[in-house]
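Note sheet for the following structure.
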Amino acid sequence: MKILIRNGVVCDPQNKFEKKADLLIENGKIRSIGKILPARARGVRTIDARNRMVVPGLIDIHCHLREPGREDEETIRTATRAAVKGGFTSICSMPNTQPVIDSVSGVKFVLETARQEGVVNVFPVGAITKGSLGQELASIGKMKQAGIIAISDDGHPVMNAVIMRRALEYCKMFDIPVISHCEDTNLSQNGEMNEGYISTVLGLKGIPRQAEEIMVARDIALAELTGGRLHIAHISTARSVDLVRHAKKSGIRVTAETAPHYFSLTEELVKASNYNTNTKINPPLRTKKDVEAIKRGLKDNSIDCIASDHAPHLAEEKDQEYKTAPFGIIGLETTLPLVITYLVNNGKLTLRDALMKLSVNPARILNLKKGNLSPGSDADVTILNLKETRTIERFESMSRNSPFLGMKLTGFADGTIVGGKVVMLNSKLLV
Amino acid sequence: MKLNRKDLLGLEYLDKDEIDLILQTARPFSELFTRTVKKVPTLRGKTVVLLFYEPSTRTRTSFELAAKRLSADTLNITVASSSVVKGESLIDTVKTIEAMKADFVIIRHSMSGSAHIVANTISASIINAGDGMHEHPTQGLLDLFTIQQKKGRIKGLNVAIIGDIAHSRVARSNIWGLKKLGANVFVVGPSTLMPADVEKLGVEVHYHIDKIIPKLDVINILRIQRERQEQNLFPTLEEFSEIFGINSKKLVRAKNDLLVLHPGPMNRGVEISSEVADGKNSVITEQVTNGIAVRMAVLYLLAGGEGGAGENFDS
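In the order they appear, the protein sequences are chains A and B.
Taking the working numbering as reference, the numbering of the first sequence is continuous, increasing by one, and the terminal residue is 555.
Taking the working numbering as reference, the numbering of the second sequence is continuous, increasing by one, and the terminal residue is 391.
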């Protein structure tokens with residue numbers, strides 16, 4: 125089975141390749157890039173990518189698929205379909221499902237379900253501690269053998285520094301990162317939004333930025349102590365960026381991600397939207413100053429990745445009082461257009477830099493042989509239309525909890541190929 | 077003049093003229109109470125639903141009397157608002173009320189933003205009777221009305237709000253209202269009970285009332301809740317009372333005509349001593365009476381009535 129993607133501009137940052145070229149896929153692998161003669165393309169499925177960018181398939185290092193346990197909010201099938209729509213060919217599933225993915229059987233369940241029902245690559249993240257309760261280490265080594273690519277107690281921060289120390293130490297021998305959701309839950313307790321003038325005016329309980337920053341600082345110190353690989357999830361504050369920047373300069377093995385809402389929205393939206401619970405996110409939306417710092421951190425590579433932190437919730441869960449509504453928003457289908465609209469189109473990042481954050485770096489951090497279009501590698505390819513503008517209205521995700529609903533964004537994936545299989549073409553899902 | 081609004085969710089959202097209009101409209105209503113027949117037919121045929129998710133005697137009865145004195149029909153719905161008890165959602169509840177063709181929904185809720193959620197959901201007029209730590213606009217209005225009644229003005233007065241500012245919706249509504257009408261506002265309380273960036277609201281922050289007591293024209297003493305001590309926001313209730321409680325000793329250097337307000341219910345001997353609560357400077361019972369007039373004015377104006385001083389509501 126051969127597929128020829130013709131007339132597009134191929135951008136493969138890892139190979140420092142960016143020019144108009146054809147891309148030939150054969151048997152699920154990239155075969156060659158360059159001017160491919162129509163003669164050689166006889167009997168080949170041809171995709172016309174005129175006025176399109178042809179890039180390595182996007183990789184989401186942080187999302188929540190909700191299966192097992194909350195199949196009413198999302199399933200592995202629907203989340204992977206949302207991923208296709210958003211241009212992602214690989215996604216990493218966080219373990220805070222019901223039950224928590226803290227054992228080999230859980231990992232096998234996710235992988236097997238993804239194999240049968242999923243339409244993109246799913247890489248499971250295992251729990252750091254049993255039940256993500258922060259007390260005893262989960263079977264990290266056995267889960268690694270079963271296929272996890274990282275560990276994390278996302279959503280349930282590891283408050284005990286000794287446990288975090290052991291996790292970082294133990295993971296060294298498996299060469300997998302510990303993904304830390306940095307939040308001092310004593311400081312953030314019962315918090316609803318960023319602490320400051322707006323929380324005061326709205327009468328909402330504040331979450332001080334220090335709840336995040338203290339744990340970023342702690343975990344960096346522990347990474348230094350142990351030599352383990354630390355990946356900091358969804359950083360949202362200016363000082364968190366500074367801490368990571370400084371740690372990297374000191375040679376500490378730390379990487380970091382942010383999510384699109386931290387460079388596109390501020391806490392003022394909580395007020396402007398009259399307590400719209402789709403603005404309730406953890407960590408919370410911060411200030412303009414933080415947004416600028418996040419952009420600078422992306423620019424100077426203090427922040428390595430942009431992840432969706434896709435967190436589906438039912439309408440009836442979000443249609444509550446602000447205090448009782450759950451944290452989280454969906455993001456698989458809006459991450460790429462937000463990156464293009466807020467970072468690429470206004471010159472904050474080149475497309476190449478954006479692809480580093482959305483594909484190359486996630487692959488590097490997770491030791492995946494992906495994120496490039498080198499001949500012989502998996503044919504995970506995304507076709508981008510940087511000019512297309514759409515209003516965010518419909519989702520492939522089962523949930524609709526997005527603060528970007530109704531917003532006009534520019535730059536979408538209109539083709540997605542996973543392992544040589546065309547799963548979206550001309551913005552139509554084929555799976 | 078008319079108040080062209082569907083809802084009253086907070087004093088933050090009103091401008092000075094709108095607040096003045098409500099206060100002026102409340103005046104003739106308060107005069108009505110001196111008559112033997114305290115009722116006018118203004119809202120005859122209208123239905124006012126009192127939806128209370130938090131226990132409240134004072135505010136609920138005040139609204140109920142206000143509605144009844146305007147000849148509206150009232151309906152009380154009290155919901156146990158324990159988040160543990162999974163009942164009907166707020167949105168479903170108010171949709172049901174809307175289907176019953178209520179004209180007004182007066183809502184009290186323990187969570188900030190609840191009145192907004194209701195106002196965004198249904199077409200009835202919504203009056204916020206206190207939402208979490210956010211606002212309690214009619215309390216703010218009745219405090220303004222009482223101060224204006226006693227002092228003849230608001231502009232230029234030095235007004236201190238004392239106690240648990242962080243958790244107080246009364247404090248927020250008072251700050252917005254007082255600032256819009258030109259008062260100088262001071263907030264006084266423990267540093268642990270000051271909300272973040274409160275000075276950005278244009279208030280002066282003080283931890284010790286002694287420093288400012290001689291210049292104050294009005295003090296508004298907030299109720300302190302016992303659970304704040306359990307949250308380690310201050311060490312003991314005794315210490316709170318010692319340092320922040322208002323007693324006659326603390327008022328020795330105060331102006332003779334200092335007004336003492338308290339939104340109630342009072343913890344006598346904690347944030348306010350009995351001699352102050354019952355003393356010559358206290359206007360706490362007047363606040364209660366004025367509360368009804370102010371709430372009548374709000375209902376009347378939201379119903380589309382023409383307001384202002386000297387109106388005749390009998391016709």
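Glycine included, each C-beta is placed from N, C-alpha and C at the ideal position.
Residue-chain proximity (residue i, chain B), Cβ-Cβ < 8 angstroms
i, result
"residue 443 (chain A)", "yes"
"residue 447 (chain A)", "yes"
"residue 398 (chain A)", "yes"
"residue 324 (chain A)", "yes"
"residue 416 (chain A)", "no"
"residue 320 (chain A)", "yes"
"residue 255 (chain A)", "no"
"residue 440 (chain A)", "yes"
"residue 479 (chain A)", "no"
"residue 330 (chain A)", "yes"
Candidates the options, of which the one nearest residue i by Cα
i, options, result
"residue 323 (chain B)", "B:355, B:207 and B:112", "B:355"
"residue 178 (chain B)", "B:194, B:189 and B:187", "B:194"
"residue 373 (chain B)", "B:91, B:88, B:86 and B:118", "B:118"
"residue 133 (chain B)", "B:305, B:342 and B:222", "B:342"
"residue 362 (chain A)", "A:213, A:551, A:355 and A:336", "A:336"
"residue 157 (chain A)", "A:497, A:526 and A:537", "A:497"
"residue 374 (chain A)", "A:392, A:387, A:383 and A:348", "A:348"
"residue 416 (chain A)", "A:408, A:444, A:386 and A:396", "A:386"
"residue 151 (chain A)", "A:127, A:140 and A:137", "A:127"
Exposure label - residue i; buried when at least 16 CB within 10 Å
i, result
"residue 568 (chain A)", "Given a span of 125 to 555 for chain A in the structure shown, any question on residue 568 (chain A) remains unanswerable."
"residue 224 (chain A)", "buried"
"residue 326 (chain B)", "buried"
"residue 314 (chain B)", "exposed"
"residue 428 (chain A)", "buried"
"residue 391 (chain B)", "Its pLDDT being 43, under 50, residue 391 (chain B) is placed unreliably by the model, and nothing is read from it."
"residue 236 (chain B)", "buried"
"residue 321 (chain A)", "buried"
"residue 312 (chain B)", "exposed"
"residue 523 (chain A)", "buried"
"residue 239 (chain A)", "exposed"
"residue 98 (chain A)", "Nothing in the structure corresponds to residue 98 (chain A), since chain A is present only between 125 and 555."
Distance between residue j and residue i (C-alpha atoms, nearest Å)
i, j, result
"residue 252 (chain B)", "residue 217 (chain B)", "10 angstroms"
"residue 253 (chain A)", "residue 230 (chain A)", "14 angstroms"
"residue 381 (chain A)", "residue 554 (chain A)", "31 angstroms"
"residue 351 (chain A)", "residue 377 (chain A)", "7 angstroms"
"residue 238 (chain B)", "residue 336 (chain B)", "11 angstroms"
"residue 511 (chain A)", "residue 189 (chain B)", "39 angstroms"
"residue 390 (chain A)", "residue 399 (chain A)", "13 angstroms"
"residue 288 (chain A)", "residue 282 (chain A)", "6 angstroms"
"residue 479 (chain A)", "residue 367 (chain A)", "24 angstroms"
"residue 299 (chain B)", "residue 401 (chain A)", "30 angstroms"
"residue 275 (chain B)", "residue 332 (chain A)", "17 angstroms"
"residue 440 (chain A)", "residue 196 (chain A)", "11 angstroms"
"residue 316 (chain A)", "residue 80 (chain B)", "32 angstroms"
"residue 357 (chain B)", "residue 210 (chain B)", "29 angstroms"
"residue 95 (chain B)", "residue 215 (chain A)", "54 angstroms"
"residue 403 (chain B)", "residue 227 (chain B)", "A question about residue 403 (chain B) goes unanswered here, because the residues of chain B that appear run from 77 up to 391."
"residue 458 (chain A)", "residue 133 (chain A)", "23 angstroms"
"residue 142 (chain A)", "residue 245 (chain B)", "58 angstroms"
"residue 526 (chain A)", "residue 364 (chain A)", "25 angstroms"
"residue 371 (chain B)", "residue 87 (chain B)", "14 angstroms"
Interface flag, residue i vs chain A, CB-CB below 8 angstroms
i, result
"residue 245 (chain B)", "yes"
"residue 272 (chain B)", "yes"
"residue 84 (chain B)", "no"
"residue 250 (chain B)", "no"
"residue 126 (chain B)", "no"
"residue 239 (chain B)", "no"
"residue 159 (chain B)", "The predicted model places residue 159 (chain B) with a pLDDT of 43, which falls under 50 and marks its position as unreliable; any figure quoted below should be read in that light. Interface residue, yes."
"residue 338 (chain B)", "no"
"residue 289 (chain B)", "no"
"residue 90 (chain B)", "no"
"residue 267 (chain B)", "no"
"residue 190 (chain B)", "yes"
CB-CB length for residue i against residue j, believed under 8 angstroms
i, j, result
"residue 357 (chain A)", "residue 432 (chain A)", "Contact doesn't hold; Cβ gap of about 12 angstroms is too wide."
"residue 170 (chain B)", "residue 143 (chain B)", "Rounded, the Cβ-Cβ distance is 18 angstroms, inconsistent with contact."
"residue 285 (chain B)", "residue 254 (chain B)", "So it is not a contact: roughly 17 angstroms between Cβ atoms."
"residue 383 (chain B)", "residue 97 (chain B)", "5 angstroms"
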